[in-house]
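Participant: Next up is a structure, given as structure tokens.
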Ligand SMILES: [Zn+2]
């Protein structure tokens with residue numbers, strides 16, 4: 342029987358040895374931001390490094406060119422580390438996804454070097470396009486790429502070190518209006534403005550906002566505002582995100598938003614078509630897993646440890662957390678209160694702080710995988726907690 346603490350220290354020293362290379366990789370991805378589904382170089386560099394370490398690589402998962410899966414070992418429980426890669430338009434890696442992949446491969450490669458080998462399989466799943474619809478991890482879950490996974494872990498930057506907390510479910514909608522074009526000065530009476538229907542929909546949603554539950558978020562943009570000022574707009578379109586912690590309630594909000602669009606179209610005499618861009622699930626937490634992950638982060642010298650923030654967004658990792666035991670380690674990439682998707686956040690992700698968080702994430706995730714693989718009772722307990730908690734919830738999408 343191996344003594345767990347000794348093993349963990351060995352794995353951590355492997356991460357330290359690999360760290361200069363991991364920093365270089367993270368900085369390169371940071372300085373060459375690639376948008377969702379275009380993470381060609383990041384995906385190639387991450388998977389190539391894993392291949393060099395003896396992992397078997399599957400590329401283009403479910404036909405997505407930048408999605409990959411790397412596996413080491415053939416038997417035993419499977420731990421997957423998730424690698425997000427995509428950047429945001431204009432502000433680059435302002436969500437810090439450049440550190441996520443290197444943290445995942447740092448943990449995975451160091452575990453694969455354990456001697457004697459650990460009794461389990463180590464996996465890295467490269468998941469594209471976290472920032473844009475549709476929800477890719479949901480697609481990968483549905484296509485079976487998480488079927489053999491017993492436990493999944495991810496590191497993500499934040500304004501604190503923390504585990505747990507909730508994320509918002511989302512319904513993303515494209516609302517398209519069709520009118521009738523006509524000369525805007527010479528024959529406005531012959532036209533039907535699709536833009537009028539869009540604007541009226543936005544007003545109706547503003548009024549609806551007063552009568553939804555407090556934690557609901559409704560936000561949208563005009564994606565097509567017409568063709569030219571001298572033409573009555575023949576086409577106009579909106580893109581809206583509806584968010585709530587409660588997936589059932591979100592269905593209700595969606596039905597009311599759709600009625601706003603239909604009512605506005607009726608008032609104007611336009612046509613309306615509503616398309617779903619996908620549904621993101623809210624997060625499901627397994628307390629024992631979260632506790633182990635946080636304890637390992639503390640042991641690995643985590644800093645700025647705070648209770649989880651009430652302010653939250655959404656992630657397609659939500660679906661993973663509702664499918665199998667999974668957890669996110671938030672690492673303190675920025676000072677408390679600094680917003681994600683900001684210039685300050687982007688700078689931190691490419692600097693010293695990014696490096697520090699990368700190592701912390703890799704160590705905490707690797708140690709958690711080590712704990713679970715070297716202690717079958719712990720894995721059994723986590724699985725039981727997950728199964729019992731999920732069974733107590735409604736199926737489809739779930740609710741908190
Ligand atoms: Zn992110």
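Numbering (our numbering), first residue to last: 342 to 741.
Ideal placement from N, C-alpha and C gives every residue a C-beta, glycine not left out.
(1) Which residue marks the beginning of the beta strand (DSSP E) containing residue 578, and which one marks its end?
(2) Below 7 angstroms CB to CB, which residues in the same chain sit around residue 359 once its five sequence neighbours on both sides are set aside?
(3) Given the structure, does residue 698 come close to ligand 1, in the sense that its CB is under 6 angstroms from one of the ligand's heavy atoms?
(4) What is the DSSP secondary structure of residue 561, reduced to helix, strand or coil?
(5) Given 8 angstroms as the limit, is there contact between the stretch 428-442 and the stretch 476-489, that is, 3 or more CB pairs closer than that?
(6) Check whether the Cβ atoms of residue 575 and residue 520 lie closer than 7 angstroms to each other.
(7) Where does residue 616 fall in DSSP's three states?
(8) Tell me which residue opens and which closes the alpha helix (DSSP H) that residue 731 is part of.
(9) Check whether the Cβ of residue 436 sits closer than 6 angstroms to any heavy atom of ligand 1, and report yes or no.
(10) Could you check the C-alpha separation between residue 616 and residue 651 for me, to the nearest Å?
(11) Nearest to residue 610 by alpha carbon, out of 635, 469, 716, 535?
(12) Who are the near neighbours of residue 727 in its chain, counting only those whose CB is closer than 6 angstroms to its CB and skipping five residues on each side?
(13) Flag this pair as yes or no: are the beta carbons of residue 516 and residue 699 separated by less than 7 angstroms?
(14) Are the stretch 374-390 and the stretch 420-428 touching by the rule of at least three beta carbon pairs closer than 8 angstroms?
(15) Taking the CB atoms as reference points, tell me whether residue 711 and residue 349 lie closer together than 7 angstroms.
(16) What are the boundary residues of the beta strand (DSSP E) that includes residue 498?
(17) From the DSSP output, in three-state form, read off residue 396 for me.
(18) Could I get the ranges of all uninterrupted alpha helix (DSSP H) runs contained in the stretch 599-658, with 4 residues as the minimum, in chain order?
Facilitator: Taking the coordinates as given:
(1) Secondary structure note for residue 578: its beta strand (DSSP E) is the uninterrupted segment 576-585.
(2) 447, 450, 451
(3) no
(4) strand
(5) no
(6) For residue 575 and residue 520, yes; Cβs fall inside 7 angstroms.
(7) strand
(8) 717-732
(9) yes
(10) 31 angstroms
(11) Nearest C-alpha to residue 610: 535.
(12) 627, 666
(13) no
(14) The stretch 374-390, when compared against the stretch 420-428, does touch it at the 8 angstroms Cβ threshold.
(15) yes
(16) 492-499
(17) coil
(18) If one requires a minimum length of 4 residues, the alpha helix (DSSP H) runs lying completely within the stretch 599-658 are 628-640, in chain order.
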